[in-house]
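Take a look at the structure set out below.
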Amino acid sequence: MLSEEAKRKIDREIAKYPDGQRQSAVMAALAIAQDEHGWLPSGAIEAVAHYLGMPPIAVHEVASFYNMYDLAPVGRYKLTVCTNLPCALSGGNHAAEYLKGKLGIDFDETTADGKFTLKEGECMGACGDAPVVLVNNKRMCSWMTPEQIDRLLAELE
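Residue 15 is where the sequence shown starts when you use our numbering, and the numbers rise one by one after that.
Encoded structure:
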């Protein structure tokens with residue numbers, strides 16, 4: 015369940031660590047596998063484990079601990095809103111409620127057209143930029159007022 019291109023990318027990550035420490039690249043390898051599949055089916059987790067020489071349960075533990083990894087299919091755009099206390103106090107909860115209303119879904123749900131999945135996120139290290147929305151684990155959008163959210167959704171449409 016890993017393409018040759020994914021293996022080349024993982025090899026570049028492995029090369030960043032000392033010899034014999036392939037498992038240190040597990041988080042990057044999971045991200046690469048998720049980019050390839052859109053989420054992490056069990057076969058992809060097992061393939062990462064095999065490629066890194068790790069027990070599959072150890073890789074699953076990493077994948078299930080961090081909320082950037084998806085163990086079930088998600089929409090084309092996964093929107094993660096930080097609602098930890100600093101962000102909540104700076105509008106994170108309001109941004110989340112606004113997104114729920116605009117999309118017609120709750121956290122951990124996907125729109126009927128499969129376009130958007132809404133997730134609640136833990137600290138993203140951008141408290142001064144709150145409220146923040148992370149798009150597909152790659153793009154952080156800061157100071158997300160309702161107007162900014164409307165612009166983002168229009169852009170992603």
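Yeah, the Cβ is synthetic: ideal placement off N, Cα and C, and Gly gets one too.
Shortest Cα-Cα distance from valine 40 to any of Asp49, Glu50, Ala72, Trp53 involves Ala72. CA-to-CA, the gap between isoleucine 28 and proline 160 works out to about 42 Å. The three-state reading of DSSP puts glutamate 18 in helix, counting H, G and I together. DSSP lists Leu132 as the beta-bridge partner residues of glutamate 123. Here valine 149 is bridged, per DSSP, to Leu93, Arg153.
Glutamine 48 and alanine 126 have their C-alpha atoms some 22 Å from each other. DSSP assignment within the region 59-94 yields the following whole alpha helix (DSSP H) runs of 4 residues or more, N-terminal first: 70-79. In the structure shown, the three-state DSSP call for aspartate 33 is coil.
For methionine 158, the three-state secondary structure derived from DSSP is coil. By the criterion of a C-beta distance shorter than 7 Å, glycine 89 is surrounded in its chain by Thr124, Thr125, Gly128, Lys129, Phe130, Thr131, once the five residues flanking it on both sides are discounted.
The DSSP-derived three-state label of cysteine 141 is helix. A direct Cα-Cα distance of roughly 7 Å separates glutamine 37 from glycine 67. The three-state secondary structure of leucine 99, taken from DSSP, is helix. Here the alpha carbon of phenylalanine 121 sits roughly 10 Å from the alpha carbon of glutamate 111.
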